[in-house]
Amino acid sequence: MRELRFSGSVSVDASPEAVYDLVADVTRTGEWSPICEVCWWDEGGSGRVGDWFTGRNVTAGRTWETRSRVVVADRGREFAWEVGQGYVRWGFVLAPSTAAPC
Numbered sequence: 001m002r003e004l005r006f007s008g009s010v011s012v013d014a015s016p017e018a019v020y021d022l023v024a025d026v027t028r029t030g031e032w033s034p035i036c037e038v039c040w041w042d043e044g045g046s047g048r049v050g051d052w053f054t055g056r057n058v059t060a061g062r063t064w065e066t067r068s069r070v071v072v073a074d075r076g077r078e079f080a081w082e083v084g085q086g087y088v089r090w091g092f093v094l095a096p097s098t099a100a101p102c
């Protein structure tokens, strides 16, 4: 299978640390995801590298759960995880905006 990649960017009027605190709290993912309904930390996880969490995804025809492992947890810079045994990697890379304020 060939490697597939996608990236996008968005500017947010908040510090990288504040945004990190939101995206690294996987228990809030269901608030803004169109497919992931809920996530929870497994076995006492809290967002450190190596911690596992489970997510429940829901579409019109299907519901399924995935287990993911945090692979990067660098507050204010990057939060990333791999689904299953590295099947897919999701993450956020954060940086202060260099654009002039509006």
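Numbering of the sequence shown is given in our numbering, commencing with residue 1 and proceeding in unit increments.
By construction, the Cβ of each residue, glycine as well, lies at the ideal position given by its N, Cα and C atoms.
Just so it is clear, the structure is predicted and the values come from calculations on it, not from any experiment.
Worksheet item: According to DSSP, what are the bridge partners of E172?
Response: Residue numbering for the chain in the displayed model covers 1 to 102; residue 172 lies beyond these limits and cannot be assessed.
Practice prompt. Out of G91, L94, G45, I35, point me to the one whose CA is closest to W64's CA.
Written response: Taking the sequence shown and counting its residues from 1, the one referred to as residue 64 is at position 64. That would be I35, whose Cα lies nearest to the Cα of W64.
Worksheet item: Taking D21 as the reference, which of R75, D13, E37 has the closest Cα?
Response: The residue labelled residue 21 in the question sits at position 21 within the sequence shown. Ranking R75, D13, E37 by Cα distance to D21 puts R75 first.
Item to complete: Keeping to the same chain, check which residues put their C-beta closer than 6 Å to that of E37; ignore five residues upstream and five downstream.
Response: Translated into positions along the sequence shown, residue 37 becomes position 37. Around E37: G30, R56, V58.
Practice prompt. Return the bridge partner residues of F53 from the DSSP annotation.
Written response: Here residue 53 is taken as the residue at index 53 of the sequence shown, counted from 1. Note: F53 sits in a beta bridge opposite W41, S68.
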